[in-house]
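Novice: Following numbering that gives the first Met the number 0 from start to finish, the sequence shown increments by one per residue and tops out at 63. For glycine and all other residues, C-beta sits at the position ideal for the given N, C-alpha and C. Values in this document were obtained by computation on a predicted structure and should not be read as measured data.
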Amino acid sequence: MYVCLCRGITDSDIKTAVEEGKATCMRSLSIELGIAGDCGRCGQAAKALLEQWVTPEVAFNNVA
């Protein structure tokens, strides 16, 4: 499903970025994929997907 129509980003793109350790928060997701950088309407949906797929261990390990 498309999450960001401006950039053509899908939920699969977000999941892949999470699985590869490239996205653990909205900031890293925005840097990696450019999501929520244009109109911003996709921000809430992207954040919900991140919260669903990022485990607490992954988020903690990437803070240090």
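Can you list, in chain order, the residues of its chain whose CB lies under 6 Å from that of glycine 33, leaving out five sequence neighbours each side?
Specialist: Arg6, listed in sequence order.
Novice: Quick check: the Cα distance between alanine 63 and threonine 23, rounded to an integer number of angstroms?
Specialist: Any reading at alanine 63 must be qualified, since the residue scores a pLDDT of 49, below 50, and its modelled position is unreliable; no value is offered.
Novice: Under the assumption that valine 17 contacts tryptophan 52 (Cβ atoms under 8 Å), give the Cβ distance between them as a whole number of angstroms.
Specialist: Right, the Cβ-Cβ distance comes to about 5 Å (below 8 Å), so this counts as a contact.
Novice: Starting from valine 2, trace the alpha helix (DSSP H) in both directions and tell me its first and last residue.
Specialist: Note, valine 2: premise wrong, no alpha helix (DSSP H); beta strand (DSSP E) at 1 to 3.
Novice: For isoleucine 13 and alanine 45, which I take to be in contact (beta-carbon distance under 8 Å), what is that distance rounded to the nearest angstrom?
Specialist: Right, their Cβ atoms sit about 6 Å apart.
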